[in-house]
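Everything below concerns the one structure shown next.
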Amino acid sequence: MTANLLNLNVDTLFEQHSVSEIDAVHKKIQSVVENKREELRTHVGERYRDLLQAADTIAAMQTSAGTLMEQVRHVQANCRSLNEQQLLGFQSTVNASAKDAALQERNAGKKLQTYYGTMAQIKLLTVLPELIWTHLDNDRFYAATELFIFSRHISTGLQLDGQSALMQKLPVARKQWEILRPFHVTIKQAILTALEREELLPEMAVDCLQSLLLLDKSDLSTVLKSFLNLRSSAFLNCLQSGPSEPRRVKDRILASLNVLNSTVDLLDRCLLGDSLLFTRLEECASSTCPPSINRMESSERQLVHLLPEIIAGFKPQFDVPQLTPEQLGSSLQQWLDKMNALAAAHLQQVFALVTNMQTIQDIKSAARTNGRPDFVRLEQQLHLKHSQLDFYARKYVPLINARVREIIRSSWASAMKQTYEQVLLLIETGQSQPPLQIWREQSDDLPLSLAAALSDQPKRLANRTKGYDGATIELCKRFDSHLADIVQELNVMLQEQTTRAEDKTATTTPTRKSGGNGARKGDSSKSKSSAASFFGMSQEWFR
Numbered sequence: 009m010t011a012n013l014l015n016l017n018v019d020t021l022f023e024q025h026s027v028s029e030i031d032a033v034h035k036k037i038q039s040v041v042e043n044k045r046e047e048l049r050t051h052v053g054e055r056y057r058d059l060l061q062a063a064d065t066i067a068a069m070q071t072s073a074g075t076l077m078e079q080v081r082h083v084q085a086n087c088r089s090l091n092e093q094q095l096l097g098f099q100s101t102v103n104a105s106a107k108d109a110a111l112q113e114r115n116a117g118k119k120l121q122t123y124y125g126t127m128a129q130i131k132l133l134t135v136l137p138e139l140i141w142t143h144l145d146n147d148r149f150y151a152a153t154e155l156f157i158f159s160r161h162i163s164t165g166l167q168l169d170g171q172s173a174l175m176q177k178l179p180v181a182r183k184q185w186e187i188l189r190p191f192h193v194t195i196k197q198a199i200l201t202a203l204e205r206e207e208l209l210p211e212m213a214v215d216c217l218q219s220l221l222l223l224d225k226s227d228l229s230t231v232l233k234s235f236l237n238l239r240s241s242a243f244l245n246c247l248q249s250g251p252s253e254p255r256r257v258k259d260r261i262l263a264s265l266n267v268l269n270s271t272v273d274l275l276d277r278c279l280l281g282d283s284l285l286f287t288r289l290e291e292c293a294s295s296t297c298p299p300s301i302n303r304m305e306s307s308e309r310q311l312v313h314l315l316p317e318i319i320a321g322f323k324p325q326f327d328v329p330q331l332t333p334e335q336l337g338s339s340l341q342q343w344l345d346k347m348n349a350l351a352a353a354h355l356q357q358v359f360a361l362v363t364n365m366q367t368i369q370d371i372k373s374a375a376r377t378n379g380r381p382d383f384v385r386l387e388q389q390l391h392l393k394h395s396q397l398d399f400y401a402r403k404y405v406p407l408i409n410a411r412v413r414e415i416i417r418s419s420w421a422s423a424m425k426q427t428y429e430q431v432l433l434l435i436e437t438g439q440s441q442p443p444l445q446i447w448r449e450q451s452d453d454l455p456l457s458l459a460a461a462l463s464d465q466p467k468r469l470a471n472r473t474k475g476y477d478g479a480t481i482e483l484c485k486r487f488d489s490h491l492a493d494i495v496q497e498l499n500v501m502l503q504e505q506t507t508r509a510e511d512k513t514a515t516t517t518p519t520r521k522s523g524g525n526g527a528r529k530g531d532s533s534k535s536k537s538s539a540a541s542f543f544g545m546s547q548e549w550f551r
């Protein structure tokens, strides 16, 4: 229908059609017009937002076009000024002098600014060595490292401009860098020495690790390997005792245990998860981190307006590394294997120097008192075997029990040897009392008080009635004292709650085999049992 209406000839409409047909055509045209109006309203309603956005875009384009035109006018003005400078010879003398004076003034200002900037940089280079030493003396290793990197950045910029006339007149800049260059080795050596300390706080450990990452641009796995190797060296240093700084055996053993436990604690607090090191690296990598010039003294910070922007705004750049628990666990497992080998080679030699049970008791008490990391949680996070990190239970307790057994064996053997030598001495001297002298009453045979008579102390008269002479009684008395010392050492082991039952059995077995019933509890203080033990022991030794 629409197509027919479009092809309709208006001139012939009233000539070839009747009134009714013309009226029908009129109605059709009105219907089509209404449909078009409705379609237009719908279309405009849907596109209203697009029209608004288009209007905003047109307004922005108008603003941009105005800005562009303004910039073009500036470019034209600059080109015109440049053209005038190239045509100075064709202008009047007055205009040429004015332009030349303005140009010379600009060049002089630029040269003066360059001169001041260069002198300010050289001033910074001259004060940096003392400032770096100050930070090193105060164990602020990252601050010293950042200042060294800052000095290298300044020196590199000055060396790139070394062919200029100003730098040719200032050789102090190159000489000052020769003074600063050795700080790379000095700072690194100070960091490595700090990581070998027995007492290493987490904050200082993070400071050292961050300094190594910045100083050598090393990756985190390399820094972690160096850290663990240095803690191994710290463990070995604890076991040493030089003539200049002698240390007790107990202190050396406890210090070595503290190094092992503190190393695991440092890994947990500094490198595992969102720990101190990663937090510090994110802070340094953020845009809010202040530039390196802020570490200078206040008098040097006042020169910041004279420095180029590349110097005034310089700060170290960090890429925050990633270290998964699996990677940390693998490195830690390698270190544990190394420490097991070192402990087997060196720790047992130090335990061999322990000579009494009191030292053993002090070591065990101090080891239980000192705080230890949560080994179970760390083993689960790092995917390690159970009890891999408990160095005290795996390495120290077996060595302690072995040393306790050795001390008791040594005490028993020493008591047997001394008594045997005294018996031989009595036999060789051949001094024996007459039989009547044995039975003759003496002043010290009877107790002087009722308390002495009721005590468990040896009764000389009771022993004399059995035919023991004075020398034998004295020999048994000395043997009693040795037995009392051995029983006291045994009680330290037997009364220890953390000692395993099999270790207690293994400790007491050698004394039973060596002395028969001579070391029975309750009989060691009685001379009668001591004499019987002595004669049984002496017969065994004589055989």
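Residues are numbered in the working numbering as their position in the sequence shown, beginning at 1, plus a constant of 8. All C-beta atoms in this analysis are idealised placements derived from N, C-alpha and C, irrespective of residue type, glycine included. Please read these numbers as outputs of a predicted model, since none were measured by experiment.
(Q) Can you tell me whether G524 is helix, strand or coil according to DSSP? (A) With a pLDDT of only 40 at G524, under 50, the local geometry of the prediction cannot be trusted, and the value read off the model is given with reservation. Correct three-state label for G524: coil.
Q: Mind the definition here: the segment 289-300 touches the segment 395-404 only if three or more C-beta pairs lie below 8 Å; say whether that holds.
A: no
**Q.** Secondary structure of Q70, DSSP reduced to three states
**A.** helix
Q: Using beta-carbon positions only, say whether L240 and L350 come within less than 8 Å of one another.
A: It should be noted that the sequence gives Ser, not Leu, for residue 240. The answer is yes: Cβ separation under 8 Å.
Q) Can you name the start and end residues of the alpha helix (DSSP H) that D276 belongs to? A) 257-278
Q: Could you have a look at E154 and say whether DSSP puts it in helix, strand or coil?
A: helix
Q: Mind checking which residues open and close the alpha helix (DSSP H) that includes Y428?
A: 405-437
**Q.** Start-to-end residues for the alpha helix (DSSP H) that takes in Q356
**A.** 356-359
Q) Below 8 Å between beta carbons: does that hold for R260 and S249? A) yes
Q) Does the Cβ-Cβ distance between V328 and L289 come in under 8 Å? A) yes
Q: Could you spell out the range, first to last residue, of the alpha helix (DSSP H) harbouring A352?
A: First-last for A352: undefined, no H or E at that position.
Q: To the nearest angstrom, report how far apart A360 and S419 are at their CA atoms.
A: 14 Å
**Q.** F149 and C216 closer than 8 Å at C-beta
**A.** yes
Q) If you draw a straight line from the alpha carbon of E78 to that of Q167, how long is it in whole angstroms? A) 41 Å
Q) Whose C-alpha, out of L397, S489, S395, M365, is nearest the C-alpha of Q426? A) S489
(Q) On the DSSP letters alone, give me the boundaries of the alpha helix (DSSP H) that F286 sits inside. (A) 284-293
Q: In angstroms with no decimal places, state the Cα-to-Cα distance between H25 and E47.
A: 31 Å
(Q) Please classify N266 as buried or exposed, where buried requires at least 16 other C-beta atoms within 10 Å of its C-beta. (A) buried
Q) Can P381 and D276 be called in contact, C-beta distance under 8 Å? A) yes
Q) Hey, S229 and F243 are a contact pair by Cβ (cut 8 Å); roughly how many whole angstroms apart? A) Actually they are not in contact, since the Cβ atoms of S229 and F243 sit about 21 Å apart, beyond 8 Å.
Q. At what residues does the alpha helix (DSSP H) containing P210 begin and finish?
A. 210-223
Q | Straight-line gap, Q396 to L344 (C-alpha atoms, nearest Å) | A | 8 Å
Q: Compare the C-alpha of M212 against each of L315, Q335, A202, D58 and name the closest.
A: A202
Q.
Assuming F326 is part of the alpha helix (DSSP H), what are its boundary residues?
A. From DSSP, F326 is part of no alpha helix (DSSP H); its letter is neither H nor E.
Q: Please classify I318: is it buried, with 16 or more other beta-carbons within 10 angstroms of its beta-carbon, or exposed?
A: exposed
Q. Alpha carbon to alpha carbon, how far is A32 from T50?
A. 27 Å
Q: Give me the Cα-Cα distance between L311 and D147, rounded to the nearest whole angstrom.
A: 27 Å
Q. If we ignore side chains and look at the alpha-carbon of each, how far apart do G379 and L221 end up?
A. 30 Å
(Q) Need the endpoints of the alpha helix (DSSP H) that M365 sits in, please. (A) 365-377
Q. From T377 to T153, what distance separates their C-alpha atoms?
A. 38 Å
Q. Straight-line CA distance for K131 to S300?
A. 15 Å
(Q) Taking the alpha carbon of I481 as the reference point, which residue from R205, V431, S163 has its own alpha carbon closest? (A) V431
Q | Residue burial classification, A181 (beta-carbon count within 10 angstroms, cutoff 16) | A | buried
Q) Does the separation of the CB atoms of L247 and Q389 fall below 8 Å? A) no
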